[in-house]
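These notes are about the structure you will find just below.
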Amino acid sequence: AREKFIEYLRKNGLIEKEEKITQNVGTSDRFKDPVEVLPMEQWFVDVNKDIPGRDKSLKDLMREAVTVGHNNDPKQKIEITPERFQKNYLQWIDNLRDWCISRQIWWGHRIPVWYSDKKTRKQENKKTNESVEITYYVHGTTVDNENDKASGQYDVELSKLGIKQSKELKKLTKDKKFDVVFCSDLKRAVDSAEMAFGGKFKIIKDKRLRECDYGDMTGCDNKKVEAIEKEIIDTPFPGGESYREVEERIKNFFKDVQNKYKGKKIAIIAHKAPQLALEVLLNDKTWEKAIDEDWRKKKAWQPGWEYISNNSNSACVDIYVGDRSPKGDDWEQDPDTLDTWFSSGLWTFSTLGWPNETSDLKKFHPTTFMQMGYEILFFWMARMILMSTYGLNEIPFKDVYIHGMLRNEKGKKFSKSDKTGTDPLELIEQYGTDALRLSLLLGTTAGNDSKFYEEKMRGSRNFVNKLWNVSRFILMSVDEDKETRNKKQETRGDANFKNLSLSDKWILSELNIVIREVTKAMDEFQFSRAGETLYEFTWTKLADWYLEISKVETGKDGILIYILTNLLKLWHPFAPFVTETIWQQLMPLELPARAGDSRPQGRPEALASGQGLLMVQKWPKADEKLIDAKSAAEFEKFQELVTTIRNKRADKKIEPREIIKVGVKSGKYEKLVKGQKGVIERLGRCEIAEKGEIEI
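Per the numbering used here: the sequence shown ends with 699, consecutive numbering throughout.
Encoded structure:
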């Protein structure tokens, strides 16, 4: 466009001088083309205007959900982790301007607005000097409305909510100008009219604007009336009237209005049936369609409906809004689409069957946990809060976890256009799915960016292999016939954890401390801390120490299965595939059950029903009775002694396979040597003697 414009100026001799200058020109992130700014009409959502009947704006809804709770209910308060992002969120909300929701792109939800004049995008009212412009309002909520009773022509009072709504309508229509206001002569309509327009416009009561006479069904359950609405279009309610009769009196009313108020603007406050009659008379609808598209079915209230009446008793609205196209050939839908974040803001409930009240919607909304990157905190989280609190009157979720951005080893953001990204499928093929998952979880903190590189993947792959080998060792250790296993249980410790050795007490204590710490970290969304705690226990404490000791001390089947069972459950969120595979190998083992232990029993039917899957098992709970600080302190001395022996061997460059004599003179190890002599000798590759090549 720029080049063509310059060429036009050149051809017409309108350029006096050309020179090169440096200027900032906005370009497309993806294609690097200059961005041309075009002024166009757009649709906006007013975020500062009070919502009718709720005394708060959309901005207020978004703010209160994370501060005091939706509708000031602490149970409807959204917690953000890390907490510092709440300040960022509120700062954005406080400075929020009206939201432009229209986009000039092809893909997306098309804006549900139709115009009746195809020649212009925003059409003019089709009116003449003979036309009467009508704004139709419904009366406020009544006591019967709140009790779901069909009032008909019974003179019922406005409820407290109805009074509030009528006063709110006064605020909403403060800038409106009418020549006259008509209302039904029923008290609920009269009171609504007086509260909304009293003292400002002339109000005329007209009994032709009354609700349909329900006859014998007056005062019954409103659902019963709605169930037979289409049946009484032509057939009157028993002792009452039909919708056709309502249509006739409304038609007579408009004949009088047309004669007296040509070229004027009027307001009407009345009921449901008269408005349906207007849809039939002025919008060329059938009664069936008017009933089906009644805004009350979708609770799509709005502050006034616009109609135009002329001599032919037909009218055309300026703009039609709805989820289906209006009847007729002279309508054209707005070509714009909704902002992506408008559509995705509906995600928490639109996926659960809304607007129908489905069992999924009742069960799963609001959802418990939501995670997202900080760069879409305002675009997505705020819009989900807006949509849910406005549309469903409840929060969309309870906890939000904000993660950082993934960057390459040079700290640059992953980007397709810059070709700085890495294909995860290629990484999975090379290193495995669990290794990729671990690499993304370990070493990261909430809300902070993290670097991702292949060396990290290799480390994660090595650990997954370690977990597999640890599990394989345990499974092979207990993979014996039941008779042999039970004999071992009788001689050395059993599944009820009696006759435990020092190492048994230590590992059981350490495992339950890990269960407690990992659970706490997960509850606090400290996923990296949880994984690192598990990593240290699995590699260092279990693999490097306890499994080595188990090669010396026999009869540990019950303890090993107990450890593996809980370890797989703890690791499953971090490495779901390898843990599930190991779990299926673990299930067939039938060791004596520990009291209160829900150990898997390996039944084929459990697998077939899905109950045998690791992913549906209960999360482990720490057994505080097994946490033994005294044994832990004693085992630390054991580790210290073995480590000292190993270090001195290394200092003397003694071959690993060579057995040497070690003299232990230190008094602090005297009791330990007596009780753990065989284990010390095995792990230290030595023989405890009075004198040795190494003295400690």
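Using N, Cα and C, we set each Cβ at its ideal position, and we do this for glycine too.
Remember, it's a predicted structure, so these values are computed and weren't measured experimentally.
Problem - Exposure of LEU610, with buried meaning 16 or more beta-carbon neighbours within 10 Å - result: Confidence at LEU610 is low in this model, with a pLDDT of 49, below 50, so its placement is unreliable and the value that follows should be read with caution. Under this definition LEU610 is an exposed residue.
Problem - DSSP three-state assignment for THR340, whether helix, strand or coil - result: Looking at THR340 - three-state DSSP - the assignment turns out to be strand.
Problem - Proximity of LEU61 and VAL48 at Cβ, strictly below 8 Å - result: Contact annotation: LEU61 and VAL48 have beta-carbon atoms nearer than 8 Å.
Handout entry: Best match in PRO306, LEU503, VAL28 and ARG649 for proximity to VAL665 [C-alpha to C-alpha]
Key = Ranking the options by Cα distance to VAL665, first place goes to ARG649.
Practice task
Determine the DSSP secondary structure at SER105, reduced to helix, strand or coil.
Solution key: Here SER105 carries a strand assignment [DSSP, helix/strand/coil].
Practice task
Assign PRO603 to one of three DSSP states: helix, strand, or coil.
Solution key: With a pLDDT of only 43 at PRO603, under 50, the local geometry of the prediction cannot be trusted, and no value is derived from it.
Practice task
Let me know if TRP622 comes out buried or exposed under the rule of 16 or more other beta-carbons within 10 Å of its beta-carbon.
Solution key: Under a 10 Å Cβ-count criterion, TRP622 is classified as exposed, with fewer than 16 other Cβ atoms of the shown protein chains found around its own Cβ.
Handout entry: ARG464 beta carbon less than 8 Å from that of TYR434
Key = With contacts defined by Cβ atoms closer than 8 Å, TYR434 and ARG464 form a contacting pair.
Exercise for the section: Could you give the DSSP three-state label for GLN26: helix, strand or coil? Expected result: When DSSP states are grouped into helix, strand and coil, GLN26 belongs to the coil group.
Practice task
Classify GLY143 as buried or exposed, calling it buried when 16 or more other Cβ atoms lie within 10 Å of its own Cβ.
Solution key: Around the CB of GLY143, 16 or more other CB atoms lie within 10 Å, so the residue is classed as buried.
Exercise for the section: Let me know the secondary structure DSSP gives GLU539 once reduced to three states. Expected result: Three-state result, GLU539: helix.
Problem - Complete runs of the beta strand (DSSP E) confined to the stretch 76 to 105 [at least 3 residues] - result: With a minimum length of 3 residues, the continuous beta strand (DSSP E) runs that stay inside the stretch 76 to 105 are 82 to 84.
Practice task
Would you kindly check if the distance between the Cβ of GLU457 and the Cβ of MET408 is under 8 Å?
Solution key: No.
Practice task
State the DSSP-derived secondary structure class of VAL159, mapped to helix, strand or coil.
Solution key: When DSSP states are grouped into helix, strand and coil, VAL159 belongs to the coil group.
Exercise for the section: Quick one: measure Cβ to Cβ for GLU412 and LYS469, integer angstroms, because I've assumed they're closer than 8 Å. Expected result: GLU412 to LYS469, Cβ: 24 Å. No contact.
Problem - Straight-line Cα distance separating THR238 from ARG1 - result: Residue 1 is absent from the structure shown; the chain starts at 4 and stops at 699.
Exercise for the section: For ASP224, collect the residues of the same chain with a Cβ closer than 8 Å to its Cβ; drop the 5 residues on either side in sequence, then sort them by chain order. Expected result: Spatial neighbours of ASP224 in its own chain (CB-CB distance under 8 Å, excluding positions within 5 residues in sequence) are listed in chain order as ASP151, LYS152 and ALA153.
Problem - Range covered by the beta strand (DSSP E) that runs through ALA68 - result: Taken as a continuous stretch (DSSP letters only), ALA68 belongs to no beta strand (DSSP E), being part of the alpha helix (DSSP H) at 61 to 70.
Practice task
Determine the contact status of THR351 and HIS368, defining contact as a CB-CB distance below 8 Å.
Solution key: Cβ atoms of THR351 and HIS368: closer than 8 Å.
Exercise for the section: For TRP344, count neighbouring C-beta atoms within 10 Å of its own C-beta (all shown protein chains included) and say buried if the count is 16 or more, exposed if not. Expected result: Around the beta carbon of TRP344, a 10 Å sphere encloses 16 or more other beta carbons of the protein chains shown; the residue is thus reported as buried.
Handout entry: For GLY450, three-class secondary structure by DSSP
Key = DSSP, reduced to helix, strand and coil, places GLY450 outside both helices and strands of the structure shown, so it counts as coil.
Practice task
Could you check which residue in GLU197, ALA196, ARG211 and SER245 has the C-alpha nearest to that of ASP219?
Solution key: In terms of CA proximity to ASP219, SER245 leads the group GLU197, ALA196, ARG211 and SER245.
Practice task
Taking the CB atoms as reference points, tell me whether ARG410 and ASP452 lie closer together than 8 Å.
Solution key: Closer than 8 Å, so yes.
Practice task
Report yes if the C-beta distance between LEU629 and ASN515 is below 8 Å; otherwise report no.
Solution key: Going by C-beta atoms, LEU629 is nearer than 8 Å to ASN515.
Practice task
Decide if THR289 is buried, meaning its Cβ has at least 16 other Cβ atoms within 10 Å, or exposed.
Solution key: Looking at its Cβ environment, which holds fewer than 16 other Cβ atoms inside 10 Å, THR289 is exposed.
Handout entry: Cα-Cα separation between LYS125 and PRO338, rounded to whole angstroms
Key = Residue confidence for LYS125 is low, a pLDDT of 36 falling below 50, so the modelled location carries little weight; the figure read from the coordinates is stated next. Distance between the alpha carbons of LYS125 and PRO338: 12 Å.
Problem - Integer Cβ distance of ILE552 from SER506, believed to fall under 8 Å - result: Contact flag correct, Cβ pair sits at about 5 Å.
Handout entry: CA-to-CA distance, SER669 to GLN374, given in whole angstroms
Key = Going by C-alpha positions, GLN374 is about 55 Å away from SER669.
Exercise for the section: Can you give me the Cβ contacts of SER601 inside the same chain, cut-off strictly under 6 Å, excluding the 5 residues immediately before and after it? Expected result: For SER601, the pLDDT reaches just 47, beneath the cut-off of 50, and the residue's location in the model is therefore unreliable, although a value from the coordinates is still provided. Counting only Cβ-Cβ distances below 6 Å, and skipping sequence neighbours, we find nothing.
Exercise for the section: Leaving out five residues on either side along the sequence, give the residues of the same chain with a beta carbon under 8 Å from the beta carbon of LEU355. Expected result: Same-chain partners within the cutoff: THR361, ASP363, LEU364, PHE367 and HIS368.
Handout entry: Bridge partners - PHE372, DSSP secondary structure assignment
Key = According to DSSP, PHE372 bridges with ASP402.
Exercise for the section: Let me know the secondary structure DSSP gives GLY670 once reduced to three states. Expected result: Note: GLY670 maps to helix in three-state DSSP.
Exercise for the section: Pull up the DSSP beta-bridge partners for TYR118, would you. Expected result: TYR118 is bridged to ILE322 and GLU335.
Practice task
Please say whether TYR310 and ILE137 have beta carbons closer to each other than 8 Å?
Solution key: Less than 8 Å separates the beta-carbon of ILE137 from that of TYR310.
Exercise for the section: Taking PHE185 as part of the beta strand (DSSP E), name the residues at either end of that continuous run. Expected result: Its beta strand (DSSP E) spans residues 183 to 186.
Practice task
Count the other CB atoms, across all protein chains shown, that sit within 10 Å of the CB of LYS655; report buried if there are 16 or more and exposed otherwise.
Solution key: Flag for LYS655 reads exposed.
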